[in-house]
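In our numbering, the protein residues as written are 21 to 232.
In this text, a Cβ means the ideal position worked out from N, Cα and C, and glycines have one as well.
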Amino acid sequence: MKAKDLVKARLWCLDNDAWSVEFQFNPSTLSLSREMDPGEGDGDGAFGGPPEWDSGARDTLSFELLVDTSVGGEIDLADATAFEAAMLSAISSLFGSENEDSILPLVHDFYRFTLPITPAAENAPQRPPVVAFVWEEFEFMGFVSSFDCDFKLFDHNGRAKRAEITIEMEGRAFSGGIDLEDFLAGAYNPGSGSGTGSRSGEDGRFDLADLA
């Protein structure tokens, strides 16, 4: 794959596009899970009839990502995998090619998705920002429910140079039919029974072209 064809994963912040983050390295794996809670049926048979499925159950997406500022000089990590980046970093340190930047600003870009925001609407309660994980055709809209950062490398001045971040999100996978308004209105929350479509009946999906 040519460098110009490489598609980077990103977290798009629907509340503040300036907070959107493009990944330095794409995740090597994604883990998607969904828990269904079938209710009791109302029939008279031995099993009480078919279960009443909760169409609004939440999905969970988890992934790991690498942030690294240990390599400098002529080495370009833009198209390297996480493993290749670690190897290049080790080689670079042997030849004194060092980047003096800390990774803390990069870590904070992801950490702030766990902090509450105050919506512009009057009397609206604080809530975490709504974010969409977007990678090529895969979309997941929700909230960051878990953030874990494992710092792996420091320079001689104590600057953090490399970290592995694990993020877990709760929301809805394949979220092309959900807009921000519907998400906040609980259009797919347990018990709502409204599925994933827009309340107006129109196609409320966000346009991936807006992320370019």
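How is the beta strand (DSSP E) around residue i delimited, first residue to last?
i, result
"Val154", "Val151 to Trp155"
"Val164", "Phe158 to Phe174"
"Val87", "Asp79 to Asp88"
"Arg30", "Arg30 to Cys33"
"Leu50", "Leu50 to Arg54"
Classify residue i as buried or exposed, calling it buried when 16 or more other Cβ atoms lie within 10 Å of its own Cβ.
i, result
"Ser53", "exposed"
"Asp88", "buried"
"Asp202", "buried"
"Asp79", "buried"
"Leu135", "exposed"
"Ala193", "buried"
"Ala152", "buried"
"Glu142", "exposed"
"Met161", "buried"
What is the residue span of the alpha helix (DSSP H) that residue i lies within?
i, result
"Glu235", "The structure shown does not extend to residue 235, since the chain spans only 21 to 232, so no value can be given for it."
"Leu126", "Leu124 to Tyr131"
Just verifying my parser: in three-state terms, what is the DSSP assignment at residue i?
i, result
"Thr186", "strand"
"Ala144", "coil"
"Ala193", "strand"
How long is the line joining the alpha carbons of residue i and residue j, rounded to whole angstroms?
i, j, result
"Val41", "Val150", "13 Å"
"Asp121", "Phe174", "11 Å"
"Asn36", "Phe130", "13 Å"
"Phe83", "Ser51", "6 Å"
"Phe163", "His176", "37 Å"
"Pro148", "Leu86", "23 Å"
"Ala77", "Gly191", "9 Å"
"Glu159", "Pro139", "23 Å"
"Leu81", "Asp25", "25 Å"
"Val27", "Glu156", "7 Å"
"Pro47", "Ile137", "27 Å"
"Gln44", "Leu126", "9 Å"
"Ser234", "Asp168", "With the chain represented from 21 up to 232, any question about residue 234 goes unanswered, as that position is not in the structure."
"Glu55", "Arg182", "34 Å"
"Ala154", "Leu200", "Looking at the sequence itself, residue 154 is Val, so the reference to Ala does not match. Distance between the alpha carbons of Val154 and Leu200: 15 Å."
"Ala144", "Leu204", "11 Å"
"Ser195", "Thr186", "22 Å"
If you measure between the beta carbons of residue i and residue j, is that distance less than 8 Å?
i, j, result
"Phe171", "Leu31", "no"
"Ile233", "Ala38", "Past the edges of the chain, shown from 21 to 232, lies residue 233, and the structure says nothing about it."
"Ser165", "Glu184", "no"
State yes or no: is the beta carbon of residue i nearer than 8 Å to at least one beta carbon in chain B?
i, result
"Asn36", "Protein chains in the displayed structure number just one, and chain B is not present."
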